[in-house]
Amino acid sequence: KPRALSGIQPTADSFHFGNYLGALRQWVDLQDEYEPFFFIADQHAITVEQDPKVLRERCLVSAAQLIAMGIDPDKSAIFMQSHVPAHAQLGWVLQCLTGFGEARRMTQFKDKSAKGGEGAASVGLFTYPILQAADILLYRPAVVPVGEDQRQHLELTRDLAQRFNHRYKKTFRLPDPYILKATAKITDLQEPTAKMSKSASSPNGIINLLDDPKVSAKKIRSAVTDSGAEVRFDTEEKAGVSNLLTIYSALTGDSIASLEEKYEGRGYGDFKKELAEVVVEFVTPFRNRTLELLEDKATLNQVLASGAERAAAVAERTLADVYDRVGFVQPQ
Ligand code: ATP
Ligand code: MG
């Protein structure tokens, strides 16, 4: 089976609907056709300051959420990035292959460093797309399921792979992004032109999978829409309503057109109230399952250990090829 690879940062107490609908949902669907490797990006998380105790807890909560949403540890390797040292090791080699100007063009760094200013941002935040390239290339995956915000990083990954293959010897496979168009960008409920983000959205703009469902229902009901009354998909004129339609359609499987028809002449109030019910129905069992999994940390740790072992077996082989090809002496 061809491999699939993706990761997610443990940077919040819960994943949100952007993560789920933009990326994680696809992880679940890939498990039969591909051999998947899914990791919790703890090393990416520390590109901004983290409280160690909080980070540790969030890593475990993240793993529990992946299992709760349907990632099957028998089919998929689930692991912590820091448990497979080859990620950081290949990351260094790729940094030496990346131009400074090339790294500078990454727009996520511009976005993420905007708040505190570039001078206050860590060098790790600057080079994180290169570590991400290493995360991916180690597994020689056919596909990398991500949201639209990661497209530029995947381009960099392909460029670095190509450069290495050309300069030394064909070593890496050029991975394709696997981006679901319809849900590639879920936006902030309060600011419907910005992406819903763990680190950038205000609490009311985010629907978290693990929030009290009542809180999520309320956030949906008070989502920003426009001054009109027509439930219609139009990302230019009606960014807020369109985002809600996207979420509604993704959760129920109803087409956008059929939802527009359903709410014709009924106004935003009804629409938001019923979407809130759909959301509650979705998150309630998910949340219960996650909390259950967290009660048995021993099993969770076992899943992570076996995931890391499977991942390392693949990653170390690639790293050995890389070290050999760049001219490092093999330890005897
Ligand atoms: P952070 O703010 O810490 O970067 P994030 O919310 O961007 O967090 P990540 O862990 O960086 O989440 O991303 C995990 C996955 O979720 C990635 O594949 C990313 O493309 C996807 N994703 C994140 N936000 C959205 C969104 N608003 N819509 C669709 N996909 C998203
Ligand atoms: Mg992100």
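For any residue, its number in UniProt numbering is found by taking its place in the sequence shown, counting from 1, and adding 9.
Where a beta carbon is used, it is the ideal one built from N, C-alpha and C, also for glycine.
Span of the beta strand (DSSP E), counted from its first residue to its last, around residue i
i, result
"residue 6", "Missing from the structure shown is residue 6; the chain here goes from 10 to 341 and no further."
"ILE49", "44-49"
"PRO154", "152-154"
heavy atom of the ligand ATP below 7 Å from residue i C-beta
i, result
"MET78", "no"
"ALA130", "no"
"THR20", "yes"
"MET205", "yes"
"LYS194", "yes"
"SER208", "yes"
"ASN217", "no"
"GLY249", "no"
"ILE139", "no"
"residue 349", "What the structure shows of the chain is the stretch from 10 to 341, and residue 349 is not part of that stretch, so it cannot be assessed."
"ALA32", "yes"
"GLY27", "yes"
"ILE256", "no"
"ILE87", "no"
"VAL224", "no"
"ILE17", "yes"
"VAL37", "no"
"VAL155", "yes"
Boundaries of the alpha helix (DSSP H) in which residue i is found, first to last residue
i, result
"ARG67", "61-77"
"SER225", "222-230"
"ARG12", "Premise fails: ARG12 lies in the beta strand (DSSP E), 12-17, not in any alpha helix (DSSP H)."
"ALA32", "First-last for ALA32: undefined, no H or E at that position."
"ILE87", "ILE87 -> not in any alpha helix (DSSP H); beta strand (DSSP E) instead, spanning 86-89."
"ALA112", "109-113"
"THR255", "248-261"
"ARG160", "160-176"
"GLU103", "The question names Glu, but residue 103 is Leu in the sequence shown. Where LEU103 is concerned, the enclosing alpha helix (DSSP H) stretches over 95-104."
"LEU268", "265-271"
"GLY133", "132-146"
"ASP120", "116-122"
Cβ distance (whole Å) where residue i is taken to contact residue j below 8 Å
i, j, result
"ILE195", "GLY27", "4 Å"
"PRO184", "THR202", "The Cβ separation is near 30 Å, so there is no contact."
"LEU198", "VAL250", "So it is not a contact: roughly 11 Å between Cβ atoms."
"residue 348", "GLY214", "Because the chain in this structure spans residues 10 to 341, residue 348 falls outside the shown range and cannot be described."
"HIS25", "ASN217", "5 Å"
"HIS92", "LEU313", "7 Å"
"residue 348", "LEU254", "Nothing about residue 348 can be read from this structure; the chain reaches only from 10 to 341."
"LYS42", "ARG12", "Here residue 42 is Glu; the residue named in the question, Lys, does not match the sequence. Contact doesn't hold; Cβ gap of about 11 Å is too wide."
"LEU328", "GLN171", "LEU328 to GLN171, Cβ: 19 Å. No contact."
Check: residue i C-beta below 7 Å from any heavy atom of the ligand MG
i, result
"ASP158", "yes"
Given 8 Å, three or more beta-carbon pairs between the segment 34-50 and the segment 87-107: yes
3-residue-minimum beta strand (DSSP E) runs that sit fully inside the segment 298-325, ordered along the chain: List check, beta strand (DSSP E) in window: nothing returned.
Touch test, the segment 203-221 against the segment 278-287, Cβ-Cβ under 8 Å, three pairs minimum: no
Touch test, the segment 296-306 against the segment 238-246, Cβ-Cβ under 8 Å, three pairs minimum: With a cut-off of 8 Å, the segment 238-246 and the segment 296-306 do not count as touching, because too few Cβ pairs lie within range.
The segment 184-201 / the segment 22-38 touching (three or more Cβ pairs under 8 Å): yes
Validate contact between the segment 110-117 and the segment 60-71 using beta carbons, cut 8 Å, 3 pairs: Contact between the segment 110-117 and the segment 60-71 is absent: fewer than 3 CB-CB pairs across the two stretches fall below 8 Å.
Meets three-Cβ-pair contact criterion under 8 Å: the segment 248-262 and the segment 287-298: A contact exists between the segment 248-262 and the segment 287-298.
Touch test, the segment 122-141 against the segment 53-64, Cβ-Cβ under 8 Å, three pairs minimum: Result yes; three or more Cβ-Cβ pairs closer than 8 Å.
Cβ contact (3+ pairs, closer than 8 Å) linking the segment 100-108 and the segment 134-149: yes
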